[in-house]
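Numbering of the sequence shown is given in our numbering, commencing with residue 528 and proceeding in unit increments. Single-structure report; data block below.
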Amino acid sequence: MKRLSPMMQPSRLSLIVLSLASLIAASTSSGLALLIGISSWLVLLISSAVISLLRPWLRKEASLARADSTLTLCFIALLVASVVSLLSLVIQVSRYEAMTLAGIWLPLIASNGLIYMHLVSAWDASAKVLLCSAWVRGAQFTVVMLLLALVRELLGTGSILTNMHVFFSTFSASGIIVISNYPRLKLFALPTGGLLVLGLSLALIQWMQLRRLVVAKTVLPSEEKRVRVTGRIS
């Protein structure tokens, strides 16, 4: 099996851009963000577990030994799509209201570039490393989606934790009102608002990292030690 040409090889930037679609579109409410985040987390864990179980058979196939081969990428895409379809059926049977809330965004988890990036980069890793990395990355993605949804809810409607009734019956669909009589800003409910909040958050994180780096590199001037030399030096 021939390797992909440079024009056809997926770059890390293109995979990250593909993951931004679900990150921005599904972060309009806390319930939807948590649902998509946990679902992506489960897809990543199950896909990693299946690859770990099939590792002895995959290593025997020369066309599947390399992570950058065409057959490997097709296998990963088929595996992720199958897990997403199975998860959609389970949610539809057990939590139909959650499936109604997720809508088309749940099947679109199969196009999340972060899942493919993780599976391709950790293709040759051990089962323990693959599962631990999947656990950490899935948790990070879920937390980022939930935080982004909370900020968009607060700036857009003045309330938080909307649509959390699909997980907890004690919550209402309208969430918890933080600011009463808040003027609704529809900008943050649109993809433009999500992209704006995400961009400002990334800029803030980058600024904090650069500031920490500058502080770490700042060396305080050391006190000069005076040494008195007596005698004659020849």
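C-beta: ideal position from N, C-alpha, C; glycine also.
Alpha carbon of residue i to alpha carbon of residue j, nearest angstrom
i, j, result
"T745", "V671", "31 Å"
"I703", "W650", "43 Å"
"L494", "R739", "Nothing can be reported for residue 494, as the shown portion of the chain is limited to 528 through 761."
"L674", "L712", "18 Å"
"C659", "Y709", "43 Å"
"T597", "Q736", "38 Å"
"L581", "A560", "31 Å"
"L657", "L585", "15 Å"
"A608", "L635", "9 Å"
"A743", "F668", "28 Å"
"I631", "P583", "36 Å"
"W568", "S707", "35 Å"
"F602", "G685", "45 Å"
"L641", "L729", "17 Å"
"F694", "S621", "12 Å"
"V762", "A666", "What the structure shows of the chain is the stretch from 528 to 761, and residue 762 is not part of that stretch, so it cannot be assessed."
"S764", "Y643", "Outside the displayed span of the chain (528 to 761) sits residue 764, for which this structure offers no information."
"A700", "A652", "43 Å"
Counted within 10 angstroms of its Cβ, other Cβ atoms place residue i as buried (16 or more) or exposed
i, result
"E680", "buried"
"L605", "exposed"
"V741", "exposed"
"Y623", "exposed"
"I578", "buried"
"W734", "exposed"
"V724", "buried"
"A629", "buried"
One or two residues paired with residue i in a DSSP bridge
i, result
"I687", "I703"
Other residues of its chain near residue i: CB distance less than 7 Å, five sequence neighbours each side excluded
i, result
"I519", "The structure shown does not extend to residue 519, since the chain is modelled only from 528 to 761, so the question has no answer here."
"I687", "S557, L677, E680, L681, G702, I703, V705"
"F698", "L688, M691, H692"
"G726", "none"
"A661", "L571, L572, S575, H645"
"S554", "A560, M672, L675, A676, R679, G721"
Beta-carbon contacts of residue i that lie in its chain and below 8 Å, excluding the five residues immediately before and after
i, result
"L633", "L562, I563, S566, V611, L614, S615, I618, M626"
"P718", "I551, A552"
Residues of its chain near residue i, where Cβ-Cβ distance is below 6 Å and the 5 sequence neighbours each way are ignored
i, result
"S715", "Checking the sequence, you will find Phe at residue 715 rather than Ser. Cβ within range, chain order: R679, L682, G683."
"R664", "H645"
"I732", "none"
"L600", "none"
"A654", "S579"
"K587", "none"
Any alpha helix (DSSP H) of 4 or more consecutive residues that is wholly inside the segment 546 to 622: Entirely contained in the segment 546 to 622, the alpha helix (DSSP H) runs reaching 4 residues are, in chain order, 557 to 580, 582 to 587, 597 to 621.
Every unbroken alpha helix (DSSP H) within the segment 629 to 679, with a cutoff of 4 residues, ordered by chain: When DSSP assignments are scanned along the segment 629 to 679, the uninterrupted stretches of alpha helix (DSSP H) that are 4 or more residues long and fall wholly within it turn out to be 640 to 648.
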